[in-house]
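**Student:**
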Amino acid sequence: MSEERSQTTMAVDELQAIIQRCQILEESDFRGEDFNLFQVAGQKCLEDGYAAQLLEVIQNEKNKVIIKNMGWNLISPLVRCILAYKQEDDKRDDKREHCLKILDQLVQLCNPKELFLGLLEQIEQTSGEKVCPTVMLLLQPLQTVLLKLQNKKAYSVGLSLAMIMNQLTPLPVPYTKQQIQEDKLGLCQCCNAVVDFAKPFVNEVVKNMEKSSEYNDMELKEELLKFCMKSLKYPLLTAQLEQLEGIEEQPFRHFATEIIDILQDIRELMPLVFLHHKGKRSYWENQEFEDIERKNSADSLACLSYLMFVQHFGINCFPMVFSPSYLLQCNMTHIEVLLKRTEESMLSKGLDLFENCLLRMEDNSLLHQYLEFRDFINVPQDLVKVMTLCPIEHLRKKSLNMLQLFIDKFDAEGKYTLFRCLLKTSNHAGVEGYIIQKIKDQIHLSLTKAHDNVWFTRHHLISLLDLVLFLPEGAETDLLQNSDRIMASLNLLRYLVIKDCESDNQTGVWTTLAKIEKNFLKPLHVGLNMSKAHYEAEIKNKRENRREANNSNTVYSLTVSEEKMPAMTTEMQLQVLHSALFTFDLIESVLARVEELIEVKVKAAMDENI
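Following this note's numbering, the numbering of the sequence shown begins with 179 at its first residue and continues without gaps.
Okay, here's the thing in structure tokens:
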């Protein structure tokens, strides 16, 4: 006990000694050595658990000048101790409370400029799981200090918000219901605390905007706008923003509401939604920095549109005077930004925003001229990539639904142009087969309607058929890899032959029949013969090898359609090869039926002429 008392005496005595020495000095006579000794002595008191004694020293009115000049040096050890005590048991609560009172005293007594730098330094130096606890601890003190600052206030507020967001950004954003409820790193709670931190400065901007538009007020407004833009990119772009069952107030929805409210309060919400396409002057001379800023801005604006049009945040101030096609045009840039990402949260936001815009429109109402805008061509191509490359099934299915919905909204010429574009760019047999089926549907509508649709009949259709009824590499085309496209093409040709008489020739198919036979039917015959012969030879070879090895469980590799298959036994390989032969037989049977129909129709036409 006596040893412990002596250690206490040593720690406190060292502090009292430096205090007594400085009490007799004028403020201007404080030296660097005094600052260092005060910091070391104060830190020792904190680390050894004597915060109560340190608090008494700080509260002593005689030490006010000393604390004003030197107190900020205690911020670093003070933060460490507070966070460490938080992890201990209840017996340490008193010591933690003493530390919190010290922090409060320092905020009241210290030079605001020096304390501001000390607090910001602590936020900058934290990392990992300590980020949110540190930020949460220092937000209130930092806010109080900033409100005291007279010079460069806007700059200091902006620096604080930027530092806080930069520290939060590396943290993973909770996405599932369980992750949000657990909030292991404290990010959900911290984000909403940061908004509360910013509110006094928002109120200041609002008050000053009502009075005048002085430069300093505009500067603070600009810093708050930067904060909102950063918040839209992180965490909101990544966050789950749907209302989740079992969570009364979804933290990220609350955060999103607060960010939209700030933008609305500082009168930047509508300009961001509608005026972004006019461009913004860049402040970067370095092209790389300018590109990064442009990308960050694009991500933030895409998230903002999602919040407004899908989640309806801020929709109460939205002017209901715009046509659905104009809203689609405004949002296509944002949709493209989101669909180019690979993360589930961003892809789903892009698809939801696209769906929301399309559902506002009537079918066949979107003019073909919109396809002159780059985004209207890029977005369907991005949908195709999601449909074919995304590993998440529900997103692949929704992409297909959105492509169909997009096609439905265009007028006839728009559908025609879009089909041509997708046939040329998709590079995927399944997608091409799907598009060919849609072409068939449009032809059917054109032939059954009372009025003639010029885009899916006669010379326009003939031009489109040139992209459909051909083999990319002639007889050497990989028929197995292109089987979806080939089957769809044959079914379309069969439909045309059955539906359109040679005498009417509404589709123009009879005019171009010779070309179809040369570019499609004959090469397909040759290709089928070659492919069947190749696969039959492979089957024969595998069977012979199996007999020689006398072991059907031997594992081999197999290449089908230029893709190496997983290692498999001989029996498994034979099943794959037989499946390929079945596909060829199916194509051959449809081909034979098409040629039979053509022959019957041609003969009937000749008989009529006789």
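No residue lacks a Cβ here, since even glycine has one placed at the ideal position from N, Cα and C.
Between which two residues does the alpha helix (DSSP H) carrying T312 extend?
**Tutor:** Translated into the one-based positions of the sequence shown, residue 312 becomes position 134. T312 -> alpha helix (DSSP H) spans 309–326.
**Student:** Out of A417, V335, L657, state which residue places its alpha-carbon closest to the alpha-carbon of Y353.
**Tutor:** Stepping through the sequence shown from its first residue, residue 353 is reached at position 175. The shortest Cα separation from Y353 among A417, V335, L657 belongs to A417.
**Student:** Using only CA atoms, which one of L325, D271, N344, Q231 lies nearest to Q303?
**Tutor:** Mapped onto the sequence shown, residue 303 falls at position 125. Closest by alpha carbon: N344.
**Student:** Please name the residue in S334, Q356, V257, A340 whose C-alpha comes closest to that of M314.
**Tutor:** Within the sequence shown, numbered from 1, the residue matching residue 314 stands at position 136. Per the Cα distances, V257.
**Student:** Please classify L647: does DSSP put it in a helix, a strand, or coil?
**Tutor:** The residue you call residue 647 lines up with position 469 of the sequence shown. The answer is coil: DSSP assigns L647 none of H, G, I, E or B.
**Student:** Taking only three categories from DSSP, how would you classify M746?
**Tutor:** By 1-based counting over the sequence shown, the position of residue 746 is 568. Correct three-state label for M746: strand.
**Student:** Flag this pair as yes or no: are the beta carbons of D586 and N631 separated by less than 9 Å?
**Tutor:** As a first step, residue 586 is located in the sequence shown; it is residue number 408 there, counting from the start. As a first step, residue 631 is located in the sequence shown; it is residue number 453 there, counting from the start. No, Cβ-Cβ distance for D586 and N631 is not below 9 Å.
**Student:** Under 8 Å, with one C-beta from each stretch per pair, do the stretch 752–767 and the stretch 648–655 reach the 3-pair mark?
**Tutor:** At 8 Å Cβ cutoff, the stretches do not touch.
**Student:** I'd like to confirm the pairing. Which residues does DSSP put opposite L544 in its beta bridges?
**Tutor:** Start at 1 with the first residue of the sequence shown, and residue 544 comes out as number 366. Its beta-bridge partners are F588.
**Student:** Please list, in chain order, all residues of the same chain as W633 whose beta carbon is under 6 Å from its beta carbon, the five residues on each side excluded.
**Tutor:** Locating residue 633 in the sequence shown gives position 455, counting from the first residue. Result list for W633: A590, E591, Y594, in chain order.
**Student:** Whose CA, out of M539, C535, L601, lies closest to the CA of Q559?
**Tutor:** Residue mapping note: residue 559 aligns to position 381 of the sequence shown, counting from 1. It is L601 whose Cα lies nearest to the Cα of Q559.
**Student:** Could you tell me whether the Cβ atoms of P255 and G296 are closer together than 9 Å?
**Tutor:** Here the question's residue 255 lines up with position 77 in the sequence shown. Here the question's residue 296 lines up with position 118 in the sequence shown. The answer is no: Cβ separation not under 9 Å.
**Student:** Indicate the three-state DSSP secondary structure (helix, strand or coil) for S184 in the structure shown.
**Tutor:** Residue numbering aside, residue 184 sits at position 6 when the sequence shown is read from its first letter. Only weak support is given to the placement of S184: the predicted model assigns it a pLDDT of 46, under 50, and the question is left unresolved by the model.
**Student:** Beta carbon of Q615, beta carbon of N669: below 9 Å?
**Tutor:** Working through the sequence shown from its first residue, we reach residue 615 at position 437. Working through the sequence shown from its first residue, we reach residue 669 at position 491. In this structure, N669 lies closer than 9 Å to Q615 by Cβ.
**Student:** Would you report the Cα separation of E514 and T520, rounded to the nearest angstrom?
**Tutor:** Translated into the one-based positions of the sequence shown, residue 514 becomes position 336. Translated into the one-based positions of the sequence shown, residue 520 becomes position 342. Cα-Cα distance, rounded: 12 Å.
**Student:** Smallest Cα separation from K710: which of V235, P701, F762, L702?
**Tutor:** As a working mapping, residue 710 is identified with position 532 in the sequence shown. Looking at the Cα atoms, F762 is the closest of the given residues.
**Student:** Among K627, I640, K563, which has the Cα closest to the Cα of H606?
**Tutor:** Reading the sequence shown from its first residue, position 428 is the one you call residue 606. The shortest C-alpha separation from H606 is found at K563.
**Student:** Take the Cβ of N534 as the centre, count every other Cβ of all protein chains shown within 10 Å, and call the residue buried at 16 or more, exposed below.
**Tutor:** In the sequence shown, the residue the question calls residue 534 occupies position 356. Buried: at least 16 other Cβ atoms inside 10 Å.
**Student:** Under 8 Å, with one C-beta from each stretch per pair, do the stretch 417–426 and the stretch 440–449 reach the 3-pair mark?
**Tutor:** Cβ pair count under 8 Å is below three, so no.
**Student:** So, under 8 Å CB-CB, E397 and L339 are touching, yes? Tell me the CB distance rounded to an integer number of Å.
**Tutor:** Locating residue 397 in the sequence shown gives position 219, where the first residue counts as 1. Locating residue 339 in the sequence shown gives position 161, where the first residue counts as 1. Not really, about 13 Å apart at Cβ, beyond 8 Å.
**Student:** So which of K273, T685, L702, Q328 has the shortest CA-CA distance to C259?
**Tutor:** In the sequence shown, residue 259 corresponds to position 81, counting from 1. That would be K273, whose Cα lies nearest to the Cα of C259.
**Student:** Apart from the five residues just before and just after M539, which ones in its own chain have a Cβ nearer than 6 Å to its Cβ?
**Tutor:** One-based indexing of the sequence shown puts residue 539 at position 361. The answer, listed in chain order, is P502, K587.
**Student:** Alpha carbon to alpha carbon, how far is C679 from D785?
**Tutor:** Stepping through the sequence shown from its first residue, residue 679 is reached at position 501. Stepping through the sequence shown from its first residue, residue 785 is reached at position 607. Their backbone Cα atoms lie some 14 Å apart in a straight line.
**Student:** Going by Cα to Cα distance, which pick from D656, L645, D619, Y713 is closest to Y673?
**Tutor:** Looking up residue 673 in the sequence shown gives position 495. Checked all of D656, L645, D619, Y713; the closest Cα to Y673 is D619.
**Student:** At a cut of 8 Å, does the stretch 305–314 reach the stretch 362–375 through at least three beta carbon pairs?
**Tutor:** Taking 8 Å as the limit for Cβ pairs, the verdict is that the stretch 362–375 does touch the stretch 305–314.
**Student:** Between Y412, L252, M387, which lies nearest to L278 when the distance is taken from Cα to Cα?
**Tutor:** Taking the first residue of the sequence shown as 1, we reach residue 278 at position 100. It is L252 whose Cα lies nearest to the Cα of L278.
**Student:** Just the C-alpha distance for L702 and Y612, rounded to the nearest angstrom, thanks.
**Tutor:** Here residue 702 refers to the residue found at position 524 when the sequence shown is read from its first residue. Here residue 612 refers to the residue found at position 434 when the sequence shown is read from its first residue. Each residue's alpha carbon lies about 20 Å from the other.
**Student:** Let me confirm a value: P350 is counted as buried when at least 16 other C-beta atoms fall within 10 Å, else exposed. Which label applies?
**Tutor:** Mapped onto the sequence shown, residue 350 falls at position 172. Classification of P350: exposed, given that the 10 Å Cβ count is below 16.
**Student:** For N329, which of K355, T689, V380, F294 has the nearest alpha-carbon?
**Tutor:** Stepping through the sequence shown from its first residue, residue 329 is reached at position 151. Selected option, being the one with the closest Cα: F294.
**Student:** Suppose you measure from the CA of A758 to the CA of L642; what does that come to, to the nearest Å?
**Tutor:** What you label residue 758 is simply residue 580 of the sequence shown in a count that begins at 1. What you label residue 642 is simply residue 464 of the sequence shown in a count that begins at 1. Cα to Cα, the separation comes out at about 29 Å.
**Student:** Can you tell me where the alpha helix (DSSP H) holding Q559 begins and where it ends?
**Tutor:** Start at 1 with the first residue of the sequence shown, and residue 559 comes out as number 381. From DSSP, the alpha helix (DSSP H) with Q559 extends over 552–567.
**Student:** What is the rounded straight-line gap between the Cα of K781 and the Cα of Q582?
**Tutor:** As a position in the sequence shown, residue 781 is number 603, starting the count at 1. As a position in the sequence shown, residue 582 is number 404, starting the count at 1. Spanning the two alpha carbons is a distance of roughly 39 Å.
**Student:** Whole angstroms are fine: how far does the CA of R574 sit from the CA of Y548?
**Tutor:** The count along the sequence shown starts at 1 and reaches residue 548 at position 370. The count along the sequence shown starts at 1 and reaches residue 574 at position 396. Going by the C-alpha atoms only, they are around 25 Å apart.
**Student:** My assumption, with CB atoms under 8 Å, is that G608 sits in contact with D530. Please give the rounded CB distance.
**Tutor:** For the purposes of this step, residue 608 is taken as residue 430 along the sequence shown, with counting starting at 1. For the purposes of this step, residue 530 is taken as residue 352 along the sequence shown, with counting starting at 1. Their Cβ separation, rounded to whole angstroms, is 24 Å, which puts G608 and D530 out of contact at 8 Å.
**Student:** Please name the residue in L410, F430, Q217, H572 whose C-alpha comes closest to that of G805.
**Tutor:** Since the displayed the chain opens at 179 and closes at 788, residue 805 lies outside it and no answer follows.
**Student:** Which residues in the same chain have their Cβ closer than 6 Å to the Cβ of C161, if we skip the five residues on either side of it in sequence?
**Tutor:** No answer is possible for residue 161: the residues shown for the chain start at 179 and end at 788.
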